[in-house]
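Those protein sequences? They're chains D and X, same order as listed.
Here the first sequence stands for residues 1 to 339, numbered as in my numbering.
Here the second sequence stands for residues 340 to 678, numbered as in my numbering.
2 protein chains.
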Amino acid sequence: MSSNSSERARMPSIRDVARLAGVSHQTVSRVLNEHPSIRPETKAKVLDAISVLDYRPNLAARALVTSRSNTLGILSATIGEFGPTSSIASIEDAARAEGYSVSTLNLTDSSPEAIGAAVRQLVREHVDGIVVLAPQVRVYSVLKGMAVSVPFVSLQTASGSDGVSLSADQVAGARMITDHLIAQGHTDILHLAGPQDWIEAESRMRGYLDALRDADLPTFPPIRGDWTADFGYFAGTELARRRDFTAVFAANDVMAIGLMHGFRDAGLRIPEDVSVVGFDDIPVAAHVHPPLTTVHQDFPEVGRRTVRILLAQIRGEQVPVFGLLAPELRVRESSGSRS
Amino acid sequence: MSSNSSERARMPSIRDVARLAGVSHQTVSRVLNEHPSIRPETKAKVLDAISVLDYRPNLAARALVTSRSNTLGILSATIGEFGPTSSIASIEDAARAEGYSVSTLNLTDSSPEAIGAAVRQLVREHVDGIVVLAPQVRVYSVLKGMAVSVPFVSLQTASGSDGVSLSADQVAGARMITDHLIAQGHTDILHLAGPQDWIEAESRMRGYLDALRDADLPTFPPIRGDWTADFGYFAGTELARRRDFTAVFAANDVMAIGLMHGFRDAGLRIPEDVSVVGFDDIPVAAHVHPPLTTVHQDFPEVGRRTVRILLAQIRGEQVPVFGLLAPELRVRESSGSRS
DNA sequence: TTGTAAGCGTTATCAT
DNA sequence: ATGATAACGCTTACAA
């Protein structure tokens, strides 16, 4: 081993480029930042030196002096949910496409303290903006109360609130699928809801209630679930005892699948004895037995729009206004007619 | 509006703290970095000033001078797969718990150029280490050839290769579940494999082949799938025509669910006419009809171990050696006996 | 135990 | 159109 082999080579700096190009380091900086007044031939010399040295700007130095990091933070509190996960992926892609890095932070605990700490951590990292994927009501209210010092956009948040927010139209989707059940002749429809604190759970429940009310049908107190298939199964075995309903709208597909399992184990046939519908259109929804009627959402598009809104805020541009994304009904065999 | 209202207040710096505490800024730095030789009362004064001013160190400045960012990069090429997604979440948590930020980068295109660009981007961001979740053989070989300048750990990679790698024991899991089928009396077992380029797909196929060979059973050329339920469905309807087998081992649960659907549509009963087993134990696996026999993997633990290994490399410590994680068989009704 | 000085690699400001 | 100089906020020397 040569004596100097352990010495980590210093990366070329803007001054090295300047020296090689025979200009000042400031001129190099101008080229880098596409300053208008620079002679083409000077620019060419600089670009040449840059490629010869394989120079890359030091992002930390740039962040220090500009106090911007070209990084977006993603604050999520949605461990393993299908929808948010899809949105996160598209947020990352969209952000990277615009030249932003992405720093993600998972919230395992949604106490106000934990939320505050998470936001502060992201701010400490100098993120230029934050995407909040924390569908819990509580998270959102904490955020409103804490005067976050960087722009942020909240997904899956009740419309009409203060922060800029965006999501597919949950209420409309829930209404749509409940109307579908009604159109099939069902008059006694239960709802297996999501956790109380979740904004989406509330929206889907409201859509369900609105649809029933407008059709002058009886409503039942919703059963509170936790999004999991295991809970759905449990609910199915319990519900099978009371037979005062002919259809159940589960607030997500995963619970719906568990629910069907529970019903089956209790001897109920789907859809002959009871119809089951879900929400989200997860990839296996079309392939379970029987195939699950559900509401399809375009999660990736939600992610892309989110980034566009956040970047507009950061850049001080006019923030684009999007209509809510329209969810689509996917009718399959799990919902049958009651004629 | 007051004339100064638009002036963004400067964050307090180490010098502001020093002034308030009546010490030099260097002393403050020492307190921050827990330097041993500092008088307790001086330290107290400094900590006091820090909390009064609500001072937070500027991470960009620190990164500039130390040329370390306290950030880990995650390079993933696994859009929406269940396993990797679970691992990513636990990697993030483990990294944050150790005081590291996490920068994620999704690879949408796994060409060598794209991989190279992704790694360079992460290096540009000064990540201290990279976790590679890119189960494609191709990605891994590119990585080996490009002399990445920061430590990296690769998940789901063939054991015995150069880079530090880690995953649950795919071969053993595949063997285990194939042996289960054999023990049930099956002698003609097909394999619906994953995409050719995926390391996990190869490992699971090898486990299948090994088990059949050791039992002196005939092997069939594996069918190449793409991990999706839709492909599984297609394969099911096709395979239903040839009846030279009594069981199929699908390389993941999602394909297995599609496969069962295809079989059902073709008039085959599961498990009476054909047994189906999967791999991964996704949350709905226990709740589809019939419940799916599969191999359970502890993805979160893989993530945690990965971070421990990567941090040890970064810190120049002894890198811990873990045995491969043992996957567990989950026997359910989709696999029946042939007695 | 503490303080002083220098420098990390950039952009911003003011010259020229 | 270009250059010189001064920050940005911190850590690493080295000195006292």
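Where a beta carbon is used, it is the ideal one built from N, C-alpha and C, also for glycine.
Minimum Cβ-Cβ distance from residue i to chain D less than 7 Å
{"i": "L403/X", "result": "yes"}
{"i": "S390/X", "result": "no"}
{"i": "A453/X", "result": "no"}
{"i": "D553/X", "result": "no"}
{"i": "E672/X", "result": "no"}
{"i": "L531/X", "result": "no"}
{"i": "S500/X", "result": "Low confidence applies to S500/X: its pLDDT is 48, below 50, so where it sits in the model is not reliable, and the reading given next is rough at best. By this cut-off, S500/X is not an interface position."}
{"i": "E431/X", "result": "yes"}
{"i": "V623/X", "result": "yes"}
{"i": "N372/X", "result": "no"}
{"i": "V627/X", "result": "yes"}
{"i": "S449/X", "result": "no"}
{"i": "V466/X", "result": "no"}
{"i": "S415/X", "result": "no"}
{"i": "N409/X", "result": "no"}
{"i": "A568/X", "result": "yes"}
{"i": "H635/X", "result": "no"}
Chain X contact for residue i (CB, 7 Å cutoff)
{"i": "G258/D", "result": "yes"}
{"i": "R124/D", "result": "yes"}
{"i": "R304/D", "result": "no"}
{"i": "A89/D", "result": "yes"}
{"i": "L59/D", "result": "yes"}
{"i": "Y55/D", "result": "no"}
{"i": "N252/D", "result": "no"}
{"i": "Y233/D", "result": "yes"}
{"i": "T104/D", "result": "yes"}
{"i": "S13/D", "result": "no"}
{"i": "S141/D", "result": "no"}
{"i": "S337/D", "result": "no"}
Sequence-distant residues of the same chain with beta carbon closer than 6 Å to residue i, five excluded per side
{"i": "V307/D", "result": "I91, A94 and A95"}
{"i": "M367/X", "result": "Looking at the sequence shown, residue 367/X is not Met but Val. Result list for V367/X: I353, V356, A357 and V385, in chain order."}
{"i": "D344/D", "result": "With chain D represented from 1 up to 339, any question about residue 344/D goes unanswered, as that position is not in the structure."}
{"i": "D48/D", "result": "none"}
{"i": "G412/X", "result": "S442, L461, V466 and I469"}
{"i": "R242/D", "result": "none"}
{"i": "V171/D", "result": "S203, R206 and G207"}
Alpha-carbon spacing of residue i relative to residue j, whole angstroms
{"i": "S352/X", "j": "L133/D", "result": "32 Å"}
{"i": "M1/D", "j": "F82/D", "result": "With a pLDDT of 29 at M1/D, under the threshold of 50, the modelled position of that residue is not reliable, and the figure given next carries that caveat. Using only the alpha carbons, I get a separation of about 52 Å."}
{"i": "G617/X", "j": "L649/X", "result": "31 Å"}
{"i": "D273/D", "j": "L239/D", "result": "13 Å"}
{"i": "R10/D", "j": "S488/X", "result": "12 Å"}
{"i": "R369/X", "j": "T381/X", "result": "11 Å"}
{"i": "L325/D", "j": "A174/D", "result": "13 Å"}
{"i": "A457/X", "j": "P379/X", "result": "47 Å"}
{"i": "K144/D", "j": "E113/D", "result": "14 Å"}
{"i": "M599/X", "j": "P622/X", "result": "17 Å"}
{"i": "S161/D", "j": "L403/X", "result": "The predicted model places S161/D with a pLDDT of 48, which falls under 50 and marks its position as unreliable; any figure quoted below should be read in that light. Looking at the two C-alpha atoms, the distance is approximately 40 Å."}
{"i": "L494/X", "j": "G361/X", "result": "51 Å"}
{"i": "L359/X", "j": "I389/X", "result": "9 Å"}
{"i": "I679/X", "j": "S673/X", "result": "Nothing about residue 679/X can be reported from this structure: the residues present for chain X run from 340 to 678 only."}
{"i": "Q196/D", "j": "D298/D", "result": "24 Å"}
{"i": "G644/X", "j": "S167/D", "result": "In the sequence as presented, Gly is not what sits at residue 644/X; that position holds Arg. In a straight line, the C-alpha of R644/X is about 35 Å away from that of S167/D."}
{"i": "G225/D", "j": "E656/X", "result": "46 Å"}
Residues that residue i bridges to, as DSSP identifies them
{"i": "E667/X", "result": "H635/X"}
{"i": "I223/D", "result": "L192/D"}
{"i": "G468/X", "result": "L411/X"}
Close-in-space but distant-in-sequence residues of the same chain around residue i (CB under 8 Å, 5 per side omitted)
{"i": "V139/D", "result": "A77, L107, S110, I115 and V132"}
{"i": "D393/X", "result": "P351"}
{"i": "E437/X", "result": "V646 and L650"}
{"i": "R332/D", "result": "A285, A286, P290, P291, L292, T293 and T294"}
{"i": "P639/X", "result": "S425, S426, A428 and S429"}
Residues near residue i in its chain [Cβ-Cβ closer than 7 Å; skip 5 each side]
{"i": "L668/X", "result": "M515, I516, H519 and V634"}
{"i": "H702/X", "result": "Outside the displayed span of chain X (340 to 678) sits residue 702/X, for which this structure offers no information."}
{"i": "R677/X", "result": "Q523, G524, H525 and T585"}
{"i": "Y100/D", "result": "N70, T71 and L72"}
{"i": "D244/D", "result": "D188"}
Between the segment 45-65 of chain D and the segment 455-465 of chain X, are three or more C-beta pairs nearer than 8 Å?
-> yes
If you pair each beta-carbon of the segment 185-192 of chain D with each one of the segment 214-227 of chain D, do three or more pairs fall below 8 Å?
-> yes
Per the contact definition of three or more C-beta pairs closer than 8 Å, is the segment 223-232 of chain D in contact with the segment 621-631 of chain X?
-> yes
Quick check: the segment 586-595 of chain X against the segment 530-543 of chain X, are there 3 or more CB pairs under 8 Å?
-> yes
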